[in-house]
Structure formats: C-alpha cells, structure tokens
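To start, the structure under review is shown below, and the notes come after it.
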Amino acid sequence: MHAMQYTLTLPADYDMEIIRRRVRTKGHLLDDFAGLGLKAYGIRERGVDGAPVNQYAPFYLWADPEAMNRFLLGDGFRGVVRDFGRPAVQHWQGLFHRPGPAAGALPRTFTRRTATLAEDADAATVIAQAIAGHEELATTDGVHTTVLALDPRHWELVHFTLWADGAPEAAGDRYQVLHLSAPGTDRLGTGRQW
C-alpha cells in the first residue's frame, strides 16, 4: 500500500467553482481504476475551516504501485499537468489502514497531520505507538477511514483520516472532500502493514 498526495496551491482570488466543476465532470473516471484503493478529491478554501490558501489536494491510497505509476504517466495526470503545471507528488509507504464506523457513508472531509520523528527516537517504537493511536481512532464515531504512512527520507509520519462529517480542529489540516473513488479498498487490507 502506498499513500500519495499532490497539492495545487491556487491564487487567493481563484474561483474554486472551477475545481468543483472539474471534479463533478471528471471525478468518476477513477471510480473503476484498477489498483487504486481510494482517492479523496480534496480542496481547501482560503478562510474556510482555517485554511490559509486555496488548494486542490487529492489524496490517494494505492493497492498496487504499478497502478500509481500508470496513473502518473497516463492521460488523467497529463490533464493536471496541462492545466496547472507539474506538481511535486508526495508519496509514502503505507503502514496502517483501517475503515471506521462511518465507512459506509461518503466522507465530507479529510485531515492530514505530519510528525517528524526525533533524531534520538527509536523508529519502530514511535511507529508502534502511532499505529496504536490509529487503531483507537478507527473505532471513533464519524471516522470513515484512517491511514498512517511513513516518509523514510525525512523520517516523517503522515496521518490521514477521512471523516463522514466535519473533522475535529486538532486532527490537522482539513480538506473538503468533493468526491470519493474507492474501487479497491478491499485490496488494501486492514491493520498493520509492516
């Protein structure tokens, strides 16, 4: 399992209806994309839920890394590059994935929070503690899906959680979900991935 996100930061006066329309007309194209676990089409709007900027920032969970490559080198991503320029694509090794009590509902928001491991920290211990936190979070009312991933280049943990309704403020940066494509959540497995 791999997690992936790119962010397109847009001008402060950008009409976010353009992004909403784009997702309404093109979002369904990944509803059956082989190898994709899920894609949450997320946006942040300046001044809404504490967002300092306008962004289009979709989040992906890939069941198959070859599918991730096929997407990044395919026509869909070419359209993003054509319309907005080629963004930096962040990707992380998936450590944990679990659906929550609200997995049957369409998520309205997702959150992203990062935490850098201290230089003197034992990585396995910190990761085990973070997984325990996600195991507990996965039982929380309103949680659609929770994910923990690792960037070993920067030794950073990334916490993603999809929420059926609004997310708690302390959960991290909040994104509004415009559409969810989830063709392969059953292939992602659950629990520990390492």
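The working numbering applies: residue 14 is where the sequence shown begins, and numbers increase by one. Cβ atoms here follow ideal geometry from the backbone N, Cα and C, with glycine treated the same way. Computed from a prediction, not measured in an experiment: that's the story for all the values here.
| message | Using a 10 Å radius around the Cβ and a threshold of 16 neighbouring Cβ atoms, would you call H157 buried or exposed? | response | Residue environment for H157: buried (at least 16 other C-beta atoms within 10 angstroms of its C-beta).
| Between V61, W168, A101 and G117, which lies nearest to E132 when the distance is taken from Cα to Cα? | Among V61, W168, A101 and G117, the Cα nearest to that of E132 belongs to W168.
| field | Whole runs of the beta strand (DSSP E) within the region 93 to 163, excluding any shorter than 3 residues | value | Segments of the beta strand (DSSP E) lying fully in the region 93 to 163: 102 to 112 and 122 to 129.
| Same chain only: Cβ atoms within 7 Å of L118, ignoring 5 sequence neighbours per side | For the sequence presented, residue 118 should be read as Ala rather than Leu. Sequence-distant partners of A118 (beyond 5 residues in either direction) whose C-beta falls short of 7 Å from its own C-beta, in its chain, are H157 and A177.
| Hey, quick one: how far does the beta strand (DSSP E) through R57 stretch, first residue to last? | Boundaries of the beta strand (DSSP E) harbouring R57: L49 to R57, taken from the DSSP string.
| query | For M29, does the three-state DSSP call read helix, strand or coil? | reply | M29 sits in coil when the DSSP states are folded into three classes, being neither helix nor strand.
| request: Could you check which residue in A183, G107, A16 and Y73 has the C-alpha nearest to that of G55? | output: Comparing Cα positions, the closest option is Y73.
| query | What's the call for H41, buried or exposed, on a 16-neighbour Cβ count within 10 Å? | reply | Looking at its Cβ environment, which holds fewer than 16 other Cβ atoms inside 10 Å, H41 is exposed.
| query | According to DSSP, what are the bridge partners of V171? | reply | Answer is T127 and A162.
| query | Hey, Q103 and M14: beta-carbon distance below 8 Å or not? | reply | Between Q103 and M14, the gap from beta carbon to beta carbon reaches 8 Å or more.
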